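Encoded as structure tokens, the structure appears first; notes follow it.
Number of protein chains: 2
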Amino acid sequence: LRTAAALIIGNEILSGKIADQNSVVLARALRSLGVTLVRAHVVADELSTIRDEVRALSERFDFLFTSGGVGPTHDDVTVDAVAAAFGVGVETSGIMEKLLREYYGDRVSDGHLRMARIPVGARLIQSHHIPWPTVVMHNVWVLPGVPQIFAMKMAVIKDELGADRPFVSMAVVTTMDEGELKPSIDAVVSAHPEVEVGSYPRFRDPEYKTKVTFDGLDPALVRDARDAFVRLVPPQAVVRLEDGVTQEPPK
Amino acid sequence: LRTAAALIIGNEILSGKIADQNSVVLARALRSLGVTLVRAHVVADELSTIRDEVRALSERFDFLFTSGGVGPTHDDVTVDAVAAAFGVGVETSGIMEKLLREYYGDRVSDGHLRMARIPVGARLIQSHHIPWPTVVMHNVWVLPGVPQIFAMKMAVIKDELGADRPFVSMAVVTTMDEGELKPSIDAVVSAHPEVEVGSYPRFRDPEYKTKVTFDGLDPALVRDARDAFVRLVPPQAVVRLEDGVTQEPPK
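Protein chains in written order, with the numbering used here: chain W, 86 to 336; chain F, 86 to 336.
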């Protein structure tokens, strides 16, 4: 099983100016590749903090995806922090400088050209999905924080990591609460150790009280667990079954 | 300055089933109290992971707020993990058991009563804002993950922590990009070290290219920094000024 972590960088999230939109996008992309997102850490725009997190998370997981801190301003320190985490310097990428000069033309400033800086030894992934190259240092993907651009990078990740079997998710939506369902859930959890069972209560939802989810890499095993659960619940308490990899939109 | 961390617990977030909605709510509540949210970690429903994070984050920051994992089912292990972090056991709160029995009446199950479990030594905060008590173990607030209930707890936090001076946030919305603004931003950053300056680019927004923000505890210093920046930018590049603690809704 391949594992990953996310490092979301930005004072604007910790101060509540905006909500992080990138974690859930990354989580879904990785899920479709069969990669498990194990943690997501939101930290401030501080070089030493980012450096320490990059070092710890990149050692511990197969992939680390950073979001944010790659613009031209004083609070954009991710490239320097990633370089510091691996004990290397920072250099200007000729390819990226050329792209920046083409894009900005006569308006190009030293500020703009700062965006061509990469850790020494970083790999640039060129892709037909997005003109701007993607910077990868060892197993650390240095992604931009702007949500629209972050989302575009998912196609690059999919191409590069390749798909193992995607995770399959099924669910049973019921009118019973978690306390009532607990014995049935416990029975399925012990009989189906290879399936991850989750239960999600709703607060004052007129339609249902609990959604019980069944996740795993083997569709047959996931379905078996889901069906076993359905047999334990009174039929009138089942609102509907949900199949496949369908996921609710973020709210 | 008081500091805080958030520990968001839930496989459903890491698997992309839902987006975390609680961090931004907590961030804004703390901001209004003058408390700095320094990190937010999203982790899975695993006792040892949660225990280690609770220990590390509660030692390092003045407050830790956990979200999730407090229901009755097998994947609800936050209470046990918090107890383990402080090396204590778990006991049943008589007050909470009574509330559960009153609420569920004849339907009450062992599952429901699991929700009365608290770490030995935890404090229960009773509040007129919400009937269910809030569990606090040393400096760790054990909050529910259901967004509507999590949001209700903010009033309890505000009452209990009390407000220092709230952070003040002002902004300048401009049609210039970050690369062009960099010299002006750098000048303000060095001349106003007590004000936190941030810059947030927009991608293909017809209205503006960059929002530059000025945050701090002293409104006069924040305003000085903001005004100094405005004087450095061509007037026609300023779309508008934003004042006070107004914040954009999460998108």
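Glycine included, C-beta positions come from ideal geometry on N, C-alpha and C.
In this text the structure is predicted, and so the values were computed from the model without any measurement.
Check your understanding: Does the beta carbon of K243 of chain F come closer than 8 Å to any beta carbon on chain W?
Key -> Not one chain W Cβ lies under 8 Å of K243 of chain F.
Review point. Should E327 of chain F be flagged as near chain W, meaning a C-beta pair shorter than 8 Å?
Key: Cβ-Cβ to chain W under 8 Å: no for E327 of chain F.
Review point. Counting pairs of Cβ atoms below 8 Å between the stretch 154-168 of chain F and the stretch 109-117 of chain F, do you hit three or more?
Key: The stretch 154-168 of chain F makes no contact with the stretch 109-117 of chain F: fewer than 3 CB pairs, one atom from each, lie closer than 8 Å.
Exercise for review: Please determine, among W:Y189, W:A201, W:H197, the residue with the shortest C-alpha to C-alpha distance to V179 of chain W.
Suggested key: The question names Val, but residue 179 of chain W in the sequence shown is Gly. In this structure, W:A201 is the residue among W:Y189, W:A201, W:H197 with its C-alpha nearest to the C-alpha of G179 of chain W.
Practice item. Leaving out five residues on either side along the sequence, give the residues of the same chain with a beta carbon under 8 Å from the beta carbon of L326 of chain F. Key: Closer than 8 Å at Cβ, skipping near neighbours: M255, A256, V257, V258, R311, V315.
Exercise for review: Using three-state DSSP, classify V221 of chain W as helix, strand or coil.
Suggested key: In the structure shown, V221 of chain W sits in a strand (DSSP, three-state: E or B).
Check your understanding: DSSP on I180 of chain F, reduced to helix/strand/coil?
Key -> Three-state DSSP puts I180 of chain F in a helix.
Check your understanding: Which residues in the same chain as Q332 of chain F place their Cβ atom closer than 6 Å to its Cβ, once the five residues preceding and following it in sequence are excluded?
Key -> In this prediction, Q332 of chain F scores a pLDDT of 45, lower than 50, which makes its location untrustworthy; the coordinate-derived value is nonetheless stated afterwards. Closer than 6 Å at the Cβ level, and outside the excluded window around Q332 of chain F, lies no residue.
Practice item. Return the Cβ separation of V221 of chain F and L149 of chain F in integer angstroms, given the expectation that the two are a contact with Cβ distance under 8 Å. Key: Actually they are not in contact, since the Cβ atoms of V221 of chain F and L149 of chain F sit about 10 Å apart, beyond 8 Å.
**Study point:** Interface flag, A104 of chain W vs chain F, CB-CB below 8 Å
**Key:** Cβ-Cβ to chain F under 8 Å: yes for A104 of chain W.
Exercise for review: Kindly provide the ranges of any beta strand (DSSP E) runs that are 3 or more residues long and lie completely inside the stretch 106-138 of chain W, ordered along the chain.
Suggested key: Runs of the beta strand (DSSP E) inside the stretch 106-138 of chain W: 120-128.
Review point. Using the beta-carbon count (16 or more within 10 Å), is R145 of chain W buried or exposed?
Key: Answer is exposed; the Cβ neighbour count stays below 16.
Review point. What residues of chain F sit near T259 of chain W, judged by a beta carbon separation below 8 Å?
Key: What T259 of chain W touches in chain F, judged by beta-carbon distance under 8 Å, is nothing: the nearest beta carbon there is about 13 Å away.
Review point. Nearest-angstrom Cα distance between R308 of chain F and D130 of chain F?
Key: In this model, R308 of chain F and D130 of chain F are separated by some 44 Å (Cα to Cα).
Exercise for review: With a cut-off of 8 Å on the beta carbons, I'd call V324 of chain W and Y285 of chain W a contact; round off their distance for me.
Suggested key: Going by Cβ atoms, the distance from V324 of chain W to Y285 of chain W rounds to 13 Å, so no, they are not a contact pair.
Check your understanding: Hey, E138 of chain W and L92 of chain W are a contact pair by Cβ (cut 8 Å); roughly how many whole angstroms apart?
Key -> Yes, E138 of chain W and L92 of chain W are in contact; Cβ-Cβ is about 5 Å, under 8 Å.
Practice item. Assign T163 of chain W to one of three DSSP states: helix, strand, or coil. Key: It is helical.
Check your understanding: Quick one: is A114 of chain F buried, meaning 16 or more other Cβ sit within 10 Å of its Cβ, or exposed?
Key -> Buried: at least 16 other Cβ atoms inside 10 Å.
Exercise for review: Show which residues of chain F have a CB atom less than 7 Å away from the CB atom of T151 of chain W.
Suggested key: Within chain F, no C-beta atom comes less than 7 Å from the C-beta of T151 of chain W; the nearest is roughly 15 Å away.
Review point. Using a C-beta to C-beta distance shorter than 7 Å, which residues of chain F count as neighbours of S143 of chain W?
Key: Contact note: S143 of chain W does not reach chain F at a C-beta cutoff of 7 Å; the least C-beta distance is about 16 Å.
Exercise for review: Name the residue from F:D160, F:T88, F:M239 whose alpha carbon lies nearest to the alpha carbon of E383 of chain W.
Suggested key: Not covered by the structure: residue 383 of chain W. The range shown for chain W is 86 to 336.
Exercise for review: Report back the beta-carbon spacing between A322 of chain W and T260 of chain W to the nearest angstrom; my notes put them in contact at under 8 Å.
Suggested key: Sure, about 5 Å apart at Cβ, within 8 Å.
Review point. Under a CB-based cut-off of 8 Å, is I270 of chain F close to chain W?
Key: Yes, I270 of chain F counts as interfacial toward chain W.
Review point. Would a check of beta-carbon distances place L306 of chain F closer than 8 Å to chain W?
Key: No, L306 of chain F lies away from the interface with chain W (no Cβ there is under 8 Å from its Cβ).
**Study point:** Test: R116 of chain W CB closer than 8 Å to a CB of chain F
**Key:** Closer than 8 Å to the CB of R116 of chain W there is at least one CB belonging to chain F.
Exercise for review: Tell me whether P268 of chain W sits in a helix, a strand or coil according to DSSP, three-state version.
Suggested key: It is helical.
Review point. What does A313 of chain W touch in chain F if you count any residue whose Cβ is under 8 Å from its own?
Key: Those within 8 Å of A313 of chain W in chain F number zero; the least Cβ separation is about 15 Å.
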